[in-house]
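K.L.:
With this note's numbering applied, the sequence shown closes on residue 447, and no number is skipped along the way.
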Amino acid sequence: MSSTTRSTPRAPIQLSSKPAGRASPESRTACIRTFGCQMNVHDSDRIRRMIQDAGYAEVQHYEDADLVILNTCYVRENAVDRVKGHLGELNRLRREGRVKKVALTGCIGAAEESATLKQTYNIDLVLGTHNTYELAEFVGLPTMRETYTPELPGTEGGHNAFVTIMTGCNYQCSYCIVPTVRGRMLCRPMGSVIGEVERLVAGGTGYVTLLGQTVDAWRHEGKRFCDLLEAVSESAPRVWFTTSHPSNMEDRTLRAIGERDTIVKRLHLPVQSGSDRMLKVMHRGYKAERYRRKIEVFREAAPDGTLSTDIIVGHPGETEEDHEQTLELVEDCAFDAAYIFKFSPRRGTEAAALPGAVPDAVVQRRFLEVLRQIEQNAFARNQRKVGGVEEIYIRHGSTEDGKAIGETWSGHAVHVKTDVAPGNYVKARIEGAGPHVLYAGEPSG
Ligand code: 5AD
Ligand code: SF4
């Protein structure tokens, strides 16, 4: 059983527009593998642009690649284990002379552990999250320290695009390695964000997602996140943002989600725990009651909207009573989806040194209890959508079984029978619902 339940698409998203498969022997080829969150997906997009500028053709399989770039995640130990598996396989392919160079970028690259990995595996280049521009030199481009900044956009021309509005994080949650590997918060100027959004939309992008570790903490020259969101919602035909922090989430923003036609009515607001005691230990900066109030405002502003969260089970010191309070909060908030994580100690974080480790069997039981509750809620809420006709944005084109994956304005994921290309809208009746997804019939228009 995996330690997460993925009701909303956080899995790596295909952004590639380059040909897949074998490239001709004389050309240089590169393969990028992305692990972790959407920030990494977006960083990979920039890396992709860089290798394309350097004349590499992108390939999808390691065995076809001269250069392999692993853009990594460090947030939980299982993310590191996965990368180690890939590094082992790359060592073998290198011995067979198929892969020539390996670069490791992203959050593991910024952590001390990367030095051990470099010794154990055959890695040519290790980069953190702030010096990705050094990859430019490595692939034979002029040094891009000036031009390759966090403001450099990703690949343009896609039907949906990510726009980074801030990097890093100023919180110090007990369990979290992000502030160590991504640094302190840096907000991008409003004009630069809007400029990029306008360019993207002029180039055909129909869906813009604003990205950051705590997007709602964005502020710049007297402007706050809601100002930016409202401005973007006037420039782009469809907008979403992730991920938010409850302490920064303003009622004004929640109401804007409900009021603005171009904003997808989907809120991802990580709560982590329903126990005030644990929230304090975690340094989250809010109490469960305040979180509940935010959710009330959201539900009132967007009654049909979807709400998702992150929950950690088994943080050191978590008692049965704390866990019960999390279950109560889950019940009260009736989440439409959740990512549930088993606590994973990260070296260098406060929680890794705390006493009161929760035994594995207890963590597993708590995990399943939260999961069951989330799925019951989500299933009941999804059932209520059956029978309605929805306008659906097609995110991924149809597969062999003729079903495309789309998203309603309420933020529900829908399987729909259509061969319409990604980026278009269809209207279809919802015929069925599971805990994670709705099922629509043939589109009517
Ligand atoms: N252990 C388990 N889950 C974690 N997260 C962050 N750090 C850890 C950790 N050490 C989870 C939090 C966060 C999400 C991105 O990952 O729930 O919101
Ligand atoms: Fe990590 Fe907390 Fe910052 Fe989120 S707000 S990135 S959990 S430190």
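Even glycine gets a Cβ: it sits at the ideal position worked out from N, Cα and C.
Taking residue 430 as the reference, which of 406, 43, 291 has the closest Cα?
P.N.:
Taking the first residue of the sequence shown as 1, we reach residue 430 at position 428. Comparing Cα-Cα distances from residue 430 to each of 406, 43, 291, the minimum goes to 406.
K.L.:
Please give the ranges of any beta strand (DSSP E) in the region 149 to 234, keeping only runs that are unbroken, at least 3 residues long and fully inside the region.
P.N.:
162 to 166, 209 to 213
K.L.:
Could you check if residue 44 is buried or exposed, using at least 16 other CB atoms within 10 Å of its CB as the buried criterion?
P.N.:
To locate residue 44, count along the sequence shown from 1; it is residue 42. The residue in question, residue 44, is buried, as its Cβ has 16 or more Cβ neighbours within 10 Å.
K.L.:
Can you tell me whether residue 173 sits near ligand 2, meaning its C-beta is under 8 Å from at least one heavy atom of the ligand?
P.N.:
By one-based count along the sequence shown, residue 173 stands at place 171. Yes, Cβ of residue 173 sits closer than 8 Å to a heavy atom of ligand 2.
K.L.:
Are residue 520 and residue 372 close, meaning C-beta to C-beta below 9 Å?
P.N.:
Beyond the ends of the chain as shown, which are 3 and 447, falls residue 520; an answer cannot be given.
K.L.:
Rounded to whole angstroms, what's the CA-CA distance from residue 24 to residue 369? Just pull it up for me.
P.N.:
In the sequence shown, residue 24 corresponds to position 22, counting from 1. In the sequence shown, residue 369 corresponds to position 367, counting from 1. Because the pLDDT at residue 24 is just 41, under 50, the model does not fix this residue reliably, and the point stays unresolved.
K.L.:
Of the choices 409, 56, 82, whose alpha-carbon is the least far from that of residue 37?
P.N.:
Walking along the sequence shown from the start, residue 37 turns up at place 35. Among 409, 56, 82, the Cα nearest to that of residue 37 belongs to 82.
K.L.:
Run through DSSP, which three-state label would residue 90 get?
P.N.:
Stepping through the sequence shown from its first residue, residue 90 is reached at position 88. DSSP places residue 90 in helix when its eight states are reduced to three.
K.L.:
When a residue counts only if its C-beta is closer than 6 Å to some heavy atom of ligand 1, which residues count, in chain order?
P.N.:
Going by the Cβ distance cut-off, the answer is 77, 78, 177, 178, 272, 274, 312, 314, 343, 345, 346, 348.
K.L.:
Which whole-angstrom value describes the C-beta separation of residue 172 and residue 123, a residue pair presumed to lie in contact below a C-beta threshold of 8 Å?
P.N.:
Along the sequence shown, one-based indexing puts residue 172 at 170. Along the sequence shown, one-based indexing puts residue 123 at 121. Contact flag wrong, Cβ pair sits at about 33 Å.
K.L.:
Determine the closest residue to residue 142 out of 323, 260, 55, with distance taken between C-alpha atoms.
P.N.:
Taking the sequence shown and counting its residues from 1, the one referred to as residue 142 is at position 140. Cα-wise, what sits closest to residue 142 is 55.
K.L.:
Touching or not, the region 306 to 324 and the region 348 to 362, by the rule of three or more beta carbon pairs under 8 Å?
P.N.:
Note that the region 306 to 324 touches the region 348 to 362; at least 3 beta-carbon pairs, one per stretch, sit closer than 8 Å.
K.L.:
Please name the residue, chosen from 80, 222, 49, that lies closest to residue 129 on a Cα-to-Cα basis.
P.N.:
Counting from one through the sequence shown, the residue named residue 129 turns up at place 127. Here the closest residue by C-alpha is 49.
K.L.:
Tell me which residues share the same chain as residue 26 and place their Cβ nearer than 8 Å to its Cβ, disregarding the 5 neighbours each side in the sequence.
P.N.:
The residue given as residue 26 occupies position 24 in the sequence shown. The predicted model places residue 26 with a pLDDT of 46, which falls under 50 and marks its position as unreliable; any figure quoted below should be read in that light. If we look at residue 26 and ignore the five residues flanking it on each side, it has no Cβ neighbours.
K.L.:
Could you say which of 425, 394, 423, 411 lies nearest to residue 417 if we only look at CA atoms?
P.N.:
Stepping through the sequence shown from its first residue, residue 417 is reached at position 415. Residue 394 is the option with its Cα nearest to residue 417.
K.L.:
For the putative contact between residue 168 and residue 214, defined by C-beta atoms under 8 Å, what is the C-beta separation to the nearest angstrom?
P.N.:
On the sequence shown, position 166 is the one that residue 168 refers to. On the sequence shown, position 212 is the one that residue 214 refers to. Sure, about 4 Å apart at Cβ, within 8 Å.
K.L.:
Report whether the distance from the Cβ of residue 40 to the nearest heavy atom of ligand 2 is below 8 Å.
P.N.:
For the purposes of this step, residue 40 is taken as the residue at position 38 of the sequence shown. For ligand 2, not one heavy atom lies less than 8 Å from the Cβ of residue 40.
K.L.:
Please name the residue or residues paired with residue 340 in a DSSP beta bridge.
P.N.:
Within the sequence shown, residue 340 is the residue found at index 338, counting from 1. BP columns for residue 340 point to 311.
K.L.:
Quick one: what's residue 242 bridged to in DSSP?
P.N.:
Locating residue 242 in the sequence shown gives position 240, where the first residue counts as 1. DSSP lists 211 as partners of residue 242.
K.L.:
Let's see if you can read the secondary structure: which residues bound the alpha helix (DSSP H) around residue 44?
P.N.:
Taking the sequence shown and counting its residues from 1, the one referred to as residue 44 is at position 42. Looking at the DSSP string, the run of the alpha helix (DSSP H) that includes residue 44 is 40 to 55.
K.L.:
Just the C-alpha distance for residue 207 and residue 425, rounded to the nearest angstrom, thanks.
P.N.:
Locating residue 207 in the sequence shown gives position 205, counting from the first residue. Locating residue 425 in the sequence shown gives position 423, counting from the first residue. In a straight line, the C-alpha of residue 207 is about 8 Å away from that of residue 425.
K.L.:
Measuring only the C-alpha atoms, how far is residue 119 from residue 434?
P.N.:
For this step, residue 119 is matched to residue 117 along the sequence shown. For this step, residue 434 is matched to residue 432 along the sequence shown. As the crow flies, the alpha-carbon of residue 119 is around 47 Å from that of residue 434.
K.L.:
How many whole angstroms separate the CB atoms of residue 225 and residue 187, which I take to be in contact at a CB cut-off of 8 Å?
P.N.:
Counting from 1 along the sequence shown, the entry for residue 225 is found at position 223. Counting from 1 along the sequence shown, the entry for residue 187 is found at position 185. Actually they do not touch by this definition, with Cβ atoms about 15 Å apart.
K.L.:
What does the alpha-carbon distance come out to for the pair residue 443 and residue 345?
P.N.:
On the sequence shown, position 441 is the one that residue 443 refers to. On the sequence shown, position 343 is the one that residue 345 refers to. Straight-line Cα distance between these residues: approximately 40 Å.
K.L.:
Which residue or residues does DSSP assign as beta-bridge partners of residue 274?
P.N.:
On the sequence shown, position 272 is the one that residue 274 refers to. Beta-bridge pairing by DSSP links residue 274 to 313.
K.L.:
If residue 381 and residue 437 are in contact, beta carbons under 8 Å, what's the gap, nearest whole angstrom?
P.N.:
Numbered from its first residue, the sequence shown carries residue 381 at position 379. Numbered from its first residue, the sequence shown carries residue 437 at position 435. 4 Å between Cβ atoms; contact.
K.L.:
Using CA coordinates, which residue listed in 267, 408, 278, 322 is at the minimum distance from residue 299?
P.N.:
Looking up residue 299 in the sequence shown gives position 297. Ranking 267, 408, 278, 322 by CA distance to the CA of residue 299 puts 267 first.
K.L.:
Is residue 327 close to ligand 2? I mean its beta-carbon at under 8 Å from any heavy atom of the ligand.
P.N.:
Stepping through the sequence shown from its first residue, residue 327 is reached at position 325. Exclusion of residue 327 from the 8 Å shell around ligand 2 follows from its C-beta lying no nearer than that to any non-hydrogen atom of the ligand.
K.L.:
Quick check on residue 267: does DSSP put it in helix, strand or coil?
P.N.:
Taking the first residue of the sequence shown as position 1, residue 267 is located at position 265. Reduced to three states, the DSSP call for residue 267 is coil.
K.L.:
Which residue spans inside the region 354 to 413 form an unbroken alpha helix (DSSP H) run of at least 4?
P.N.:
362 to 385
K.L.:
Just reading off the beta strand (DSSP E) that residue 259 is part of, what are its end residues?
P.N.:
Here residue 259 is taken as the residue at index 257 of the sequence shown, counted from 1. First-last for residue 259: 253 to 261, but that is the alpha helix (DSSP H), not the beta strand (DSSP E).
K.L.:
Can you tell me whether residue 76 is helix, strand or coil according to DSSP?
P.N.:
For this step, residue 76 is matched to residue 74 along the sequence shown. Collapsing the DSSP output to three states places residue 76 in coil.
K.L.:
Just to confirm my understanding: we take residue 272, look at its own chain, exclude 5 residues before and 5 after, and list those with CB closer than 6 Å. What are they?
P.N.:
To locate residue 272, count along the sequence shown from 1; it is residue 270. So the qualifying residues of the chain are 311, 312.
K.L.:
Taking just the CA atoms, how far does residue 340 sit from residue 374?
P.N.:
The sequence position of residue 374 within the sequence shown is 372, counting from 1. The sequence position of residue 340 within the sequence shown is 338, counting from 1. Straight-line Cα distance between these residues: approximately 11 Å.
K.L.:
Identify every residue that forms a DSSP beta bridge with residue 71.
P.N.:
Here residue 71 refers to the residue found at position 69 when the sequence shown is read from its first residue. Note: residue 71 sits in a beta bridge opposite 34, 105.
K.L.:
In terms of residues, what are the limits of the alpha helix (DSSP H) holding residue 295?
P.N.:
Stepping through the sequence shown from its first residue, residue 295 is reached at position 293. Here the alpha helix (DSSP H) through residue 295 covers 290 to 303.
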